[in-house]
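Residue 168 is where the sequence shown starts when you use this note's numbering, and the numbers rise one by one after that.
For each residue, glycine too, the CB sits at the ideal point set by N, CA and C.
Contents: one structure, followed by commentary.
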Amino acid sequence: MPRRTSLVATTALLTGSLLLAGCGSGDSSTGAGGSQSSGHDMSTMDSSSSAPADSGRQGDVMFAQMMIPHHQQAIEMADIALRKPSSSAQVKKLATDIRKAQGPEITTMTGWLKSWGAPTSMPGGHDMSGMMSPAEMDGLKKAEGPEFDRQWLTMMIKHHRGAVQMAQDVNKTTNNPDVRTMANGIIKSQNAEIRTMERLLKK
Numbered sequence: 168m169p170r171r172t173s174l175v176a177t178t179a180l181l182t183g184s185l186l187l188a189g190c191g192s193g194d195s196s197t198g199a200g201g202s203q204s205s206g207h208d209m210s211t212m213d214s215s216s217s218a219p220a221d222s223g224r225q226g227d228v229m230f231a232q233m234m235i236p237h238h239q240q241a242i243e244m245a246d247i248a249l250r251k252p253s254s255s256a257q258v259k260k261l262a263t264d265i266r267k268a269q270g271p272e273i274t275t276m277t278g279w280l281k282s283w284g285a286p287t288s289m290p291g292g293h294d295m296s297g298m299m300s301p302a303e304m305d306g307l308k309k310a311e312g313p314e315f316d317r318q319w320l321t322m323m324i325k326h327h328r329g330a331v332q333m334a335q336d337v338n339k340t341t342n343n344p345d346v347r348t349m350a351n352g353i354i355k356s357q358n359a360e361i362r363t364m365e366r367l368l369k370k
């Protein structure tokens, strides 16, 4: 009888242990479920919080894709002035400064686009503010002396204003400090050059 009682007690103890283990497993499952629910909420939060970042990156990409050809045309105009024997010393000085500033910016923006995995040119093109038409560029190449200076200054003022507008636009969306630094640099330097060119036109 004592042996039988001991066996029953042992069986009861084992059964109780299994029941406790089952309860523990149920609690763990509930905890995992809570954890999964929490993870889902975090995923939702991450998705919603990343939306502005994605929008900012798209703006950065468009800014670089547009500004590269915009700068390239400014450098082309600068080269025309530097090759033109009849252009004034003031225009040549501005052309040199523009070339010196915008060449490295093209290199920097091209590097950004490659690091972002984005095309270095905008698919399908885009209407960029301040860009000269082929006819305007041909007319500039043919002009000489004071007429060349007048055309060059007038066109470059328009060109610079377009770049400043693009820089101001990207500042409204970007989360990238490097993009913001470049945009602010463009706004500051090109506005200063616009004021210089306007003074030269008045003369």
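Candidates Met233, Val228 and Ala241: which alpha carbon is nearest Gly270's?
The candidate whose alpha carbon is nearest that of Gly270 is Ala241.
Going by beta carbon distance, what residues of the same chain come within less than 6 angstroms of Ser255, once the five residues before and after it are set aside?
Excluding residues within five positions, the ones whose Cβ falls inside 6 angstroms are Asp316.
With Val337 and Val346 assumed to form a contact (beta carbons below 8 angstroms), what rounded beta-carbon distance in angstroms separates them?
About 6 angstroms; that satisfies the 8 angstroms criterion.
Use the C-beta contact count for Leu368: other C-beta atoms within 10 angstroms, 16 or more gives buried, fewer gives exposed.
Exposed, since its Cβ has fewer than 16 Cβ neighbours within 10 Å.
Here's the rule I'm using: 16 or more other beta-carbon atoms within 10 Å means buried, otherwise exposed. How should Gln335 be labelled?
exposed
Assign Thr348 to buried or exposed, taking buried as 16 or more other Cβ atoms, counted over all protein chains shown, within 10 Å of its Cβ.
exposed
Suppose you measure from the CA of Ala350 to the CA of Gly312; what does that come to, to the nearest Å?
34 angstroms
Suppose you measure from the CA of Ala248 to the CA of Gln357; what does that come to, to the nearest Å?
18 angstroms
Quick check on the DSSP output: the alpha helix (DSSP H) that includes Ala330 runs from which residue to which?
Gly312 to Asn338
Rounded to whole angstroms, what is the Cα-Cα separation between Glu365 and Thr275?
When rounded, the separation of the alpha-carbon atoms in Glu365 and Thr275 is 29 angstroms.
Can you tell me which of the three DSSP states Ser282 falls into?
helix
When burial is assigned at 16 or more other CB atoms within 10 Å of the CB, is Thr341 buried or exposed?
Thr341 is buried by the Cβ-count criterion.
By alpha-carbon positions, which one of Arg224, Met333, Glu314 and Lys339 ends up nearest to Lys370?
Glu314
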